[in-house]
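Participant:
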Amino acid sequence: MNTLDAMHVFARVAELGSFTQAANSLGLPKASVSGAVQQLEAMVGTRLLQRTTRRVSVTQDGQVFHERCRDLLDDVEDLRTLFQPEGAVLRGRLRVDMPIGVARHLVLPRLPDFLAAHPQLDLELSSTDRRVDLVREGFDCVLRIGPLGDSSLVARPIGGCELVNVASPAYVRAHGKPTRLEQLAGHRLVHYVTTLGARSPGFEYVDDAGHTQFLPMAGALTVDNSEAYMGACLAGLGIVQVPRWGVAERLRAGELVELLPRHKAAPMPVNLLYAHRRHLPRRAQVFMQWLAEVVRPMTVPLARGR
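Okay, so the sequence shown: first residue is 9 according to this note's numbering, each after it adds one.
1. Got a sec? Which residues, its chain only, sit under 7 Å from Glu49 by beta carbon, not counting five neighbours each side?
2. Applying the 10 Å Cβ sphere with the 16-neighbour rule, what's the burial state of Met306?
3. Tell whether a beta-carbon distance below 8 Å holds between His183 and His199.
4. Do you know whose CA, among Ala236, Leu81 and Val162, lies nearest Gly315's CA?
5. Which one of Gly167, Gly168 and Arg144 has the shortest CA to CA distance from Leu161?
6. Does the beta-carbon distance from Val97 to Val174 come in below 8 Å?
7. Which residues bound the alpha helix (DSSP H) around Glu263?
8. State the CB to CB distance for the pair Phe211 and Leu192, rounded to an integer number of angstroms; the pair is presumed to be in contact (CB under 8 Å).
9. Under the assumption that Leu281 contacts Leu142 (Cβ atoms under 8 Å), give the Cβ distance between them as a whole number of angstroms.
10. In the DSSP assignment, find the unbroken beta strand (DSSP E) run with Gly100 in it and report its ends.
11. I need the DSSP call for Gln128, collapsed to helix, strand or coil.
12. Tell me whether the beta-carbon of Met238 lies closer than 8 Å to the beta-carbon of Cys169.
13. Are the CB atoms of Thr230 and Leu204 within a distance shorter than 8 Å?
14. If Val250 and Val115 are in contact, beta carbons under 8 Å, what's the gap, nearest whole angstrom?
15. With a threshold of 8 Å, are at least 3 pairs of Cβ atoms found where one atom belongs to the region 16 to 30 and the other to the region 61 to 79?
Dropping the structure here:
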């Protein structure tokens, strides 16, 4: 068995955690699968898998090797499909990242249809509020909301994410519904920061001249992720500023109340990002086109310069 085939076998064992299941899925004898892994271990000079009578686990060296192995196998697949026609079957691993709210409210409900249309794709979906390192962590593309900070990446603009000010009905009953900015002095904001310990700038809004301003506000709670942010709002702990697409249903159902509609934060840019490459894999191109079509109807036009 050549080295590339052995790497493919090892990757399947690592992902399934079983020599038997890997052998069955590849249509190979179990002895051939075991021999392929031993061949790789001899070549790299370290143990890649820890074998016990009950299970197979990847060693620390094996985890590093597995990631590099998958990258190489994906590159080989890219070369194999480089000149295939547009209608050819998409294959291989696709690793993408997007904010939690986008994944939950926009992408996951539509994802079954996409995966059914491309059953040979192996999709790894990361949804986190932190900004992943696209290159170092091996992502094919990321959907990012907010200002772009890395000029080494290619950005494909989609539109703007409209933000709204909302609070729970319980909060409004307890504290009243502000209709003017000066009334916010008597209200509470749930503060959101990317890193606990950082200072929240306060309530964000666009003034009559079109400039972004921040109004310091009181608040008993600071959070560092979107799930806790919305949970705090629903619990009546204060006002939050969130994407409209994530709260539209709750607003219609009366579970949330929109506040100060004339004093909202400016829409945040929404971009698809990917690394500079001479050839972007077709599976990534197709997914990015699909993702843009899913997200774009929920966006608003951005003012020039944003």
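Where a beta carbon is used, it is the ideal one built from N, C-alpha and C, also for glycine.
Facilitator: Walking through what the data contain:
1. Arg55 and Leu56
2. buried
3. no
4. Nothing can be reported for residue 315, as the shown portion of the chain is limited to 9 through 314.
5. Arg144
6. no
7. Premise fails: Glu263 is in no alpha helix (DSSP H) and is neither H nor E.
8. 6 Å
9. 6 Å
10. Gly100 to Met106
11. coil
12. no
13. yes
14. Rounded, the Cβ-Cβ distance is 17 Å, inconsistent with contact.
15. yes
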